[in-house]
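K.L.:
Sequence order for the protein chains is A and B.
If you want the numbering used here, it's the position in the first sequence, counting the first as 1, plus 125.
If you want the numbering used here, it's the position in the second sequence, counting the first as 1, plus 125.
Sharing a structure here in structure tokens format.
2 protein chains.
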Amino acid sequence: MSQEAVQDYYPGDIAVCYGCGKSNRHGHQIKTYWEGDETVSRFQPQPYHTAFPGYVYGGLIASLIDCHGTGTAASANFRDTGMLPSSESLERYVTVSLHVDYVAPTPINFVLELRGRVKESKEHKMVISVTVSADGKETARGEVVALKMPENFLSKK
Amino acid sequence: MSQEAVQDYYPGDIAVCYGCGKSNRHGHQIKTYWEGDETVSRFQPQPYHTAFPGYVYGGLIASLIDCHGTGTAASANFRDTGMLPSSESLERYVTVSLHVDYVAPTPINFVLELRGRVKESKEHKMVISVTVSADGKETARGEVVALKMPENFLSKK
Chain A
126 MSQEAVQDYY
136 PGDIAVCYGC
146 GKSNRHGHQI
156 KTYWEGDETV
166 SRFQPQPYHT
176 AFPGYVYGGL
186 IASLIDCHGT
196 GTAASANFRD
206 TGMLPSSESL
216 ERYVTVSLHV
226 DYVAPTPINF
236 VLELRGRVKE
246 SKEHKMVISV
256 TVSADGKETA
266 RGEVVALKMP
276 ENFLSKK
Chain B
126 MSQEAVQDYY
136 PGDIAVCYGC
146 GKSNRHGHQI
156 KTYWEGDETV
166 SRFQPQPYHT
176 AFPGYVYGGL
186 IASLIDCHGT
196 GTAASANFRD
206 TGMLPSSESL
216 ERYVTVSLHV
226 DYVAPTPINF
236 VLELRGRVKE
246 SKEHKMVISV
256 TVSADGKETA
266 RGEVVALKMP
276 ENFLSKK
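Structure follows, in structure tokens:
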């Protein structure tokens with residue numbers, strides 16, 4: 126799993142998430158990998174992803190935390206169940222709540238590094254904590270509460 | 126103030142926020158107005174703002190809540206202090222924390238309606254609660270903790 130991102134296993138026809146879907150050509154297409162006990166995503170903001178001149182807008186940071194959180198949950202589910210990663214075995218997670226603390230302004234000229242950890246794991250629920258850093262300095266912390274997506278989630282909505 | 130959005134008073138040279146800056150041609154440019162005791166913004170998602178086919182991604186919802194929250198704080202500050210709204214009198218607010226509960230999937234084919242209320246107001250801090258609805262149904266609830274931006278905030282960073 127170390128060489129492939131969990132998002133690579135999201136089935137292409139529904140991998141349309143603006144934050145992390147490989148099939149959304151307008152979107153951010155973030156990729157979540159394991160590095161030891163942590164998951165990591167990296168993202169280079171565009172020059173127009175500003176809050177104020179030179180600094181990243183908070184909505185982008187929230188979006189990245191959200192998708193890195195659900196990606197971490199899906200990755201951890203693979204790891205914990207011992208399943209071989211594949212599109213068929215993938216169980217997706219959806220966010221039910223998202224919390225972000227903005228601890229410092231985030232400069233826009235650096236690759237953002239997101240690091241995720243599983244804080245809590247129950248049968249259908251995971252709580253993922255995420256940090257965001259730019260140029261080695263932590264600028265935001267987040268928490269994602271994610272639920273395993275029911276099989277009929279998309280057809281029920 | 127009812128006919129002009131608070132974001133219209135953000136000075137043009139720093140109004141580059143991707144969520145609500147009138148000078149960011151790539152961004153969402155949301156506008157926050159009063160309707161009675163509530164503030165309202167409306168936003169039509171683009172077809173590619175998807176989470177899953179047909180539904181809005183959570184990062185957009187978080188972004189809109191964030192900007193509607195800080196816009197509401199700035200609007201309420203005008204109202205509470207009795208200042209005449211102008212770019213010169215405007216005091217901006219920055220988000221220090223953002224919380225979103227996703228209570229139902231948000232369909233993408235409707236104009237989203239955000240409604241904000243001041244939940245708490247102190248000298249330099251406001252807590253704004255925001256609801257998001259699509260087609261008359263509430264799909265998300267958020268809370269923004271916003272601090273008044275120090276005068277030297279931009280030069281200090």
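Virtual Cβ for every residue (Gly too), placed ideally from N, Cα, C.
These figures come from a predicted structure and were not determined experimentally.
Please confirm whether VAL255 (chain A) has its beta-carbon closer than 8 angstroms to some beta-carbon of chain B.
P.N.:
For this step, residue 255 (chain A) is matched to residue 130 along the first sequence. Not closer than 8 angstroms to any Cβ of chain B, the Cβ of VAL255 (chain A) fails to qualify, so no.
K.L.:
Taking only three categories from DSSP, how would you classify ILE155 (chain B)?
P.N.:
The count along the second sequence starts at 1 and reaches residue 155 (chain B) at position 30. If DSSP states are grouped into helix, strand and coil, ILE155 (chain B) belongs with coil.
K.L.:
Cutting at 7 angstroms between CB atoms, please list the residues of its own chain near ALA198 (chain A), excluding the five before and the five after it.
P.N.:
If you number the first sequence from 1, residue 198 (chain A) lands on position 73. Cβ within range, chain order: TYR218, MET251, ILE253 and ALA271.
K.L.:
Let me make sure I understand the geometry here. Which of B:VAL243, B:LYS262 and B:LYS247 has the alpha-carbon closest to that of PHE235 (chain B)?
P.N.:
Residue mapping note: residue 235 (chain B) aligns to position 110 of the second sequence, counting from 1. Considering only alpha carbons, the answer is B:LYS262.
K.L.:
Would you identify the three-state DSSP class for ILE233 (chain B), choosing helix, strand or coil?
P.N.:
Here the question's residue 233 (chain B) lines up with position 108 in the second sequence. Three-state result, ILE233 (chain B): coil.
K.L.:
Check HIS174 (chain A) in the structure and name its three-state DSSP category.
P.N.:
Taking the first sequence and counting its residues from 1, the one referred to as residue 174 (chain A) is at position 49. Residue state, collapsed to three classes: coil.
K.L.:
Taking C-beta to C-beta, are VAL181 (chain A) and ILE139 (chain A) nearer than 8 angstroms?
P.N.:
If you number the first sequence from 1, residue 181 (chain A) lands on position 56. If you number the first sequence from 1, residue 139 (chain A) lands on position 14. No.
K.L.:
Which stretch, first to last residue, makes up the alpha helix (DSSP H) that contains ARG204 (chain B)?
P.N.:
Reading the second sequence from its first residue, position 79 is the one you call residue 204 (chain B). 183 to 206 is the span of the alpha helix (DSSP H), which, as asked, contains ARG204 (chain B).
K.L.:
What's the C-alpha gap between CYS142 (chain B) and THR206 (chain A)?
P.N.:
Here the question's residue 142 (chain B) lines up with position 17 in the second sequence. Here the question's residue 206 (chain A) lines up with position 81 in the first sequence. Each residue's Cα considered, the two are about 42 angstroms apart.
K.L.:
Span of the beta strand (DSSP E) holding ARG266 (chain B)?
P.N.:
Here residue 266 (chain B) refers to the residue found at position 141 when the second sequence is read from its first residue. Segment 262 to 273, the beta strand (DSSP E) holding ARG266 (chain B).
K.L.:
Return the Cβ separation of GLN132 (chain A) and GLY196 (chain A) in integer angstroms, given the expectation that the two are a contact with Cβ distance under 8 angstroms.
P.N.:
By one-based count along the first sequence, residue 132 (chain A) stands at place 7. By one-based count along the first sequence, residue 196 (chain A) stands at place 71. About 6 angstroms; that satisfies the 8 angstroms criterion.
K.L.:
Determine the direct distance from the alpha carbon of PRO178 (chain A) to that of ARG266 (chain B), and round the result to whole angstroms.
P.N.:
The sequence position of residue 266 (chain B) within the second sequence is 141, counting from 1. The sequence position of residue 178 (chain A) within the first sequence is 53, counting from 1. About 29 angstroms.
K.L.:
At a cut of 8 angstroms, does the stretch 186 to 194 of chain B reach the stretch 152 to 169 of chain B through at least three beta carbon pairs?
P.N.:
Judged by Cβ distances under 8 angstroms, the stretch 186 to 194 of chain B makes contact with the stretch 152 to 169 of chain B, as three or more pairs qualify.
K.L.:
Check each candidate in A:CYS145, A:TYR173, A:SER246 and A:MET274 and name the one with the smallest Cα separation from THR175 (chain B).
P.N.:
Here residue 175 (chain B) corresponds to residue number 50 of the second sequence, with the count starting at 1. Of A:CYS145, A:TYR173, A:SER246 and A:MET274, the residue nearest in Cα terms is A:CYS145.
K.L.:
ILE233 (chain B) touches chain A at which residues, Cβ-Cβ below 7 angstroms?
P.N.:
Position 108 of the second sequence, counting from 1, holds the residue named residue 233 (chain B). Correct list: empty, because the minimum Cβ distance to chain A is about 10 angstroms.
K.L.:
Does PHE286 (chain A) have its Cβ less than 8 angstroms from a Cβ in chain B?
P.N.:
A question about residue 286 (chain A) goes unanswered here, because the residues of chain A that appear run from 126 up to 282.
K.L.:
From LYS156 (chain A) to SER211 (chain B), what does the alpha carbon distance come to, in whole angstroms?
P.N.:
Residue mapping note: residue 156 (chain A) aligns to position 31 of the first sequence, counting from 1. Residue mapping note: residue 211 (chain B) aligns to position 86 of the second sequence, counting from 1. Between LYS156 (chain A) and SER211 (chain B), the C-alpha separation is close to 44 angstroms.
K.L.:
Whose Cβ in chain A lies nearer than 9 angstroms to the Cβ of SER188 (chain B)?
P.N.:
Residue 188 (chain B) sits at position 63 when you count from the first residue of the second sequence. Within chain A, the residues near SER188 (chain B) are TYR182, GLY183, GLY184, LEU185, ALA187 and SER188.
K.L.:
What do you reckon, are the CB atoms on THR268 (chain B) and HIS224 (chain B) nearer than 8 angstroms?
P.N.:
Locating residue 268 (chain B) in the second sequence gives position 143, counting from the first residue. Locating residue 224 (chain B) in the second sequence gives position 99, counting from the first residue. In the sequence under discussion, the amino acid at residue 268 (chain B) is Glu, which differs from the Thr named in the question. Contact flag set, yes.
K.L.:
Which word fits SER200 (chain B), buried or exposed, when buried means at least 16 other C-beta atoms lie within 10 angstroms of its C-beta?
P.N.:
Looking up residue 200 (chain B) in the second sequence gives position 75. Per the 10 Å Cβ criterion, buried.
K.L.:
The beta strand (DSSP E) spanning GLU216 (chain B) covers which residue range?
P.N.:
Residue mapping note: residue 216 (chain B) aligns to position 91 of the second sequence, counting from 1. No beta strand (DSSP E) holds GLU216 (chain B); DSSP gives it neither H nor E.
K.L.:
Secondary structure at VAL131 (chain A), three-state DSSP: helix, strand or coil?
P.N.:
By one-based count along the first sequence, residue 131 (chain A) stands at place 6. Three-state DSSP puts VAL131 (chain A) in a helix.
K.L.:
Rounded to a whole number of angstroms, what is the C-alpha to C-alpha distance between GLU276 (chain A) and ASN202 (chain A)?
P.N.:
In the first sequence, counting from the first residue as 1, residue 276 (chain A) sits at position 151. In the first sequence, counting from the first residue as 1, residue 202 (chain A) sits at position 77. Approximately 15 angstroms, taken between the alpha carbons.
K.L.:
If distances are taken between C-alpha atoms only, which option among B:LYS247, B:PRO230 and B:ALA259 comes closest to ARG240 (chain B)?
P.N.:
As a working note, residue 240 (chain B) is residue 115 in the second sequence. ARG240 (chain B) has its Cα closest to that of B:ALA259, out of B:LYS247, B:PRO230 and B:ALA259.
K.L.:
Return the chain-ordered list of same chain residues with a C-beta closer than 6 angstroms to the C-beta of GLY137 (chain A), the five sequence neighbours on each side being excluded.
P.N.:
In the first sequence, the residue the question calls residue 137 (chain A) occupies position 12. Only SER148 meet the Cβ criterion.
K.L.:
Take the Cβ of LEU185 (chain A) as the centre, count every other Cβ of all protein chains shown within 10 Å, and call the residue buried at 16 or more, exposed below.
P.N.:
Along the first sequence, read from residue 1 onward, the residue named residue 185 (chain A) stands at position 60. It counts as buried.
K.L.:
I want to see whether chain A comes within less than 8 angstroms of LEU239 (chain B), judged by CB atoms only; does it?
P.N.:
Position 114 of the second sequence holds residue 239 (chain B). Answer no: the Cβ-Cβ gap between LEU239 (chain B) and chain A never drops below 8 angstroms.
K.L.:
Look at VAL221 (chain A) and TYR227 (chain B) and say whether their C-beta atoms are less than 8 angstroms apart.
P.N.:
On the first sequence, residue 221 (chain A) is found 96 positions in, with the first residue counted as 1. On the second sequence, residue 227 (chain B) is found 102 positions in, with the first residue counted as 1. Going by C-beta atoms, VAL221 (chain A) is nearer than 8 angstroms to TYR227 (chain B).
K.L.:
Taking CB distances under 8 angstroms as the criterion, tell me whether THR157 (chain A) reaches chain B.
P.N.:
In the first sequence, residue 157 (chain A) corresponds to position 32, counting from 1. Not an interface residue.
K.L.:
On the CB-based measure, 16 or more other CB atoms within 10 Å of its CB, does LEU237 (chain B) come out buried or exposed?
P.N.:
Position 112 of the second sequence holds residue 237 (chain B). Result: buried.
K.L.:
Along the chain, where does the beta strand (DSSP E) that runs through VAL252 (chain A) open and close?
P.N.:
Against the first sequence, residue 252 (chain A) aligns to sequence position 127. VAL252 (chain A) -> beta strand (DSSP E) spans 250 to 259.
K.L.:
Answer yes or no: does any C-beta atom of chain A fall closer than 8 angstroms to that of ASP226 (chain B)?
P.N.:
Stepping through the second sequence from its first residue, residue 226 (chain B) is reached at position 101. Chain A contact via Cβ: present.
K.L.:
By the 10 Å Cβ neighbour count, where 16 or more other Cβ atoms means buried, how is PRO161 (chain A) classified, buried or exposed?
P.N.:
Counted from its first residue, the first sequence places residue 161 (chain A) at position 36. In the sequence on display, residue 161 (chain A) carries Gly and not Pro. Its Cβ having fewer than 16 others within 10 Å, GLY161 (chain A) is exposed.
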